[in-house]
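Novice:
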Amino acid sequence: MSISTLSPKSESLLWSLTDVSLNWANGTRLTEINLKIPTGVTSVMGYSGAGKTSLLNLLVKFDRPDQGAVTRIEESSSSAHSLDLFWVPHTLGLWPQYTVYEHLTLVCPQSERPNISAESLLDDFNLKPLAAKYPGQLSQGEASRLAVARALASHARVIVMDEPLVHVDQAHWPAYWNVIRKFCRAHQISLVFSSHSPELVLREATHVVCLEQGRVVYAGDVTELYYNPPSLQIASYLGRINDLSMIDTQAITGSERNSHFARPEQLAIVNDDQGVCEVQYVKFSGSIEEVTLICERNPQVITTLFHRPARAKLQRGDRVSVRLLLLLLCLIFQVGCGGGTAPQLKFAETIQWPVPAEGIKVPAPRSLNVGPEDELYVLDNAGRVLVYDAENQLDRQWKMPDFEIGKPEGICLLKNGQIAVADTHYHRVVFFDQQGKVIQFLGEYGEEPGQFIYPVSVVQDPAGNMYVSEYGNNDRVQKFSEQGDFLLEFGTVGTGPGEFQRAAGMIWHDGKIYVSDAVNNRIQVFTDDGQFLEILGTKTGGLPLYYPYDIAIDRHHNQLYIVEYGAGRITKTDLSGQILGVYGKTGMNQGEFLTPWGLTVNSKDQVFVADTGNRLIVKLIP
């Protein structure tokens with residue numbers, strides 16, 4: 001029945017709740033809550049009525065528990081934070097008598113005004129045109145942005161927000177959350193927020209509390225809940241999940257089945273004339289496809305699965321099999337299930353920086369390549385080519401000729417000094433000079449030689465020949481002369497040797513082409529005239545990968561670096577696929593990556609990573 005404040009025994013803890021219950025006139029809102037909330041970013045999830053707002057009200061002392069104790073663990077006073085706590089309630093709590101601008105200046109500590117500009121926060125949240133308006137003159141979306149901007153301006157040590165930005169449209173909330181994240185990191189602010197959105201929680205939180213009917217059903221690491229949930233019900237807090245216990249084991253191919261659960265990206269439902277399942281219903285909704293199946297051995301059981309195909313393809317009546325792309329955590333975090341963990345790569349220094357802002361948006365890097373002077377060429381998802389010098393300073397930039405319907409995914413510096421860009425959604429390769437002038441185009445939409453569906457990577461061999469990989473149910477690699485004449489192609493869609501599911505990044509080395517076969521979770525090796533040689537690592541006991549999107553090779557030791565989009569890490573191997581070390585995991589802290597898309601290595605064996613989900617370029621210095 002108490003709320004108390006203690007000096008910290010550990011700087012990693014914000015609150016401790018012991019046997020807490022909270023009642024109201026119609027019953028109980030929270031029951032027997034035992035919970036510790038750490039520093040960092042914590043999300044509180046639950047369906048409507050689960051108790052999210054009630055829990056936050058206890059944390060900020062708006063309510064008092066009927067039973068138990070809520071203990072706030074405060075730091076000793078520090079000039080860095082004038083306020084210990086700032087609260088954004090679901091009603092927003094704006095002051096009707098003050099303007100938008102005054103909301104920020106009134107809470108900003110005097111000592112921080114040289115560092116925290118009200119004008120910059122107005123810009124960040126697109127509120128500058130509204131600076132003289134009052135809350136009653138704002139839309140719900142504008143008011144919710146103001147409430148968050150005011151909380152940041154307070155420079156409090158901890159900010160608690162009840163469903164922040166819930167009234168902001170889907171197209172713009174990610175940009176505002178980028179502002180929140182960067183501000184909190186820069187000023188060492190911890191954040192506790194409630195949300196219904198799995199996407200938001202996966203994107204922003206490291207710790208999650210799941211509530212059901214006033215009780216805590218899960219409290220822990222977000223990544224652990226996503227990949228290793230304790231139950232189907234609790235797994236669903238972070239989005240769609242497949243229960244494989246209802247599927248005939250004969251219908252499942254791929255990785256060993258050691259878990260009942262798989263996320264949509266961890267399996268593929270593929271056409272298979274010999275498959276033992278038949279499609280009854282299919283609904284493609286962009287990022288996820290819902291497929292209802294019946295299997296021959298148990299036709300009374302109807303099962304619905306979710307996966308993430310590149311495009312809608314399945315139809316009612318199709319015979320299919322279910323392929324596990326990756327189920328086991330050991331394949332994400334370890335070398336193999338039968339062995340120990342992989343050696344950890346060591347880097348003496350890490351430098352990271354964002355690409356330039358585009359209006360209120362902070363774009364994300366996608367593809368990287370280095371030139372002969374160690375200049376860095378970057379493609380971002382704003383449709384820009386950025387060129388940095390060897391000291392990481394932006395030297396020049398230009399826009400793609402077209403980028404409204406999609407952004408490019410691969411960049412390559414050619415022997416003649418031109419820059420080749422795989423213009424993915426325009427079905428072509430664009431060639432620029434060093435100042436960004438378009439020299440020529442290669443390709444058009446189609447599946448014939450010299451045509452592309454979605455080209456994603458370009459590499460060149462010492463003779464000048466170019467290789468272009470593509471996906472989109474036409475997965476293959478095409479080889480062209482230096483002048484752009486078609487020479488040959490190899491690969492097709494599939495899961496067998498020499499077949500691809502989302503052919504991605506490539507390198508040429510010593511007469512061989514190494515191709516990232518992303519959805520099949522492997523690197524395939526071919527001669528540069530298209531003959532399949534091997535799946536990398538087959539001769540060394542296997543190479544566990546999770547959505548390898550790109551591959552690079554150093555210039556001194558002929559060692560490979562593979563970036564794994566799904567695992568948030570880099571894997572380093574020798575040319576046989578023997579693992580030499582790994583670096584990183586999924587996350588948003590230094591040493592962690594969030595859906596990294598590309599990488600490259602310069603003449604000093606420094607590794608550059610396009611940390612796409614975190615919107616950073618990361619430079620790893622040995």
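Those letters in the sequence shown? Residues 1 to 622, by the UniProt record's numbering.
Even glycine gets a Cβ: it sits at the ideal position worked out from N, Cα and C.
Please read these numbers as outputs of a predicted model, since none were measured by experiment.
Can you find the residues in the same chain that come closer than 6 Å, C-beta to C-beta, to L17, ignoring five residues on each side of it along the sequence?
Specialist: Result list for L17: I33, L35 and V70, in chain order.
Novice: Quick check for students: name the residue ranges of the beta strand (DSSP E) that lie wholly in the region 160-232, counting only runs of 3 or more.
Specialist: Complete beta strand (DSSP E) runs here, min 3: 190-195, 207-212 and 215-221.
Novice: Determine the direct distance from the alpha carbon of E142 to that of A118, and round the result to whole angstroms.
Specialist: In a straight line, the C-alpha of A118 is about 16 Å away from that of E142.
Novice: Just the C-alpha distance for A504 and T571, rounded to the nearest angstrom, thanks.
Specialist: Going by the C-alpha atoms only, they are around 16 Å apart.
Novice: Identify every residue that forms a DSSP beta bridge with A420.
Specialist: Its beta-bridge partners are C412 and F431.
Novice: Just to check my reading of the structure: V216 and L202 have Cβ atoms closer than 8 Å, yes? What is that Cβ distance to the nearest angstrom?
Specialist: The Cβ separation is near 20 Å, so there is no contact.
Novice: Just to confirm, is the Cβ distance from Y176 to A131 under 8 Å?
Specialist: Contact: no.
Novice: On a CA-only basis, which of L386, K604 and M400 is nearest I439? Give me that one, please.
Specialist: Here the closest residue by C-alpha is M400.
Novice: Taking only three categories from DSSP, how would you classify I364?
Specialist: Residue identity check: residue 364 is Ala in the sequence provided, not Ile. Three-state result, A364: coil.
Novice: Using the three-state DSSP reduction, which class does Q110 fall into: helix, strand or coil?
Specialist: Note: Q110 maps to helix in three-state DSSP.
Novice: Spatial neighbours of F284 within its chain, please: C-beta separation below 7 Å, excluding the five flanking residues on both sides.
Specialist: Correct list, in chain order: A312.
Novice: My understanding is that G537 touches T527, with C-beta atoms under 8 Å, so please give their C-beta distance in whole angstroms.
Specialist: Not quite, the Cβ-Cβ distance comes to about 18 Å (not below 8 Å), so this is no contact.
Novice: Suppose you measure from the CA of H427 to the CA of P462; what does that come to, to the nearest Å?
Specialist: Cα to Cα, H427 sits roughly 25 Å from P462.
Novice: Using only the alpha-carbon positions, how far apart do A382 and V477 sit?
Specialist: For A382 and V477, the distance between alpha carbons rounds to 26 Å.
Novice: Where does the unbroken beta strand (DSSP E) through N271 begin, and where does it stop?
Specialist: N271 -> beta strand (DSSP E) spans L267 to N271.
Novice: Please state if the CB of L211 and the CB of L225 are separated by a distance shorter than 8 Å.
Specialist: Against a cut-off of 8 Å, the Cβ pair of L211 and L225 comes out as no contact.
Novice: Is it right to say F86 is buried, meaning 16 or more other beta carbons lie within 10 angstroms of its own, or is it exposed?
Specialist: F86 comes out buried.
Novice: For a test of the three-state rule: what should DSSP assign to L138, helix, strand or coil?
Specialist: In the structure shown, L138 sits in coil (DSSP, three-state: anything other than H, G, I, E or B).
Novice: Q213 and A50 look like a contact to me (Cβ under 8 Å); what is the Cβ gap, rounded to whole Å?
Specialist: Confirmed, about 6 Å.
Novice: Take K407 and list the residues in its own chain whose beta-carbon comes closer than 6 Å to its own, dropping the five residues that flank it on each side.
Specialist: Hits under 6 Å: N381 and G383.
Novice: What residue range does the beta strand (DSSP E) around L13 cover?
Specialist: That run of the beta strand (DSSP E) goes L13 to W24.
Novice: If you compare alpha carbons, which of V515, P497 and P455 is closest to V429?
Specialist: Of the listed residues, the one whose Cα sits closest to V429 is P455.
Novice: F608 and G568 look like a contact to me (Cβ under 8 Å); what is the Cβ gap, rounded to whole Å?
Specialist: In fact, because the Cβ distance is near 16 Å, the residues do not count as touching under 8 Å.
Novice: On the CB-based measure, 16 or more other CB atoms within 10 Å of its CB, does R297 come out buried or exposed?
Specialist: Counting Cβ neighbours within 10 Å, R297 comes out exposed, since fewer than 16 surround it.
Novice: My guess is that L345 and G581 are in contact by the Cβ rule of under 8 Å, so how many angstroms apart are they, rounded?
Specialist: Correct: roughly 4 Å between the Cβ atoms.
Novice: Would you list the residues sitting across from K619 in a DSSP beta bridge?
Specialist: Answer by DSSP bridge pairing, in chain order: I351 and F608.
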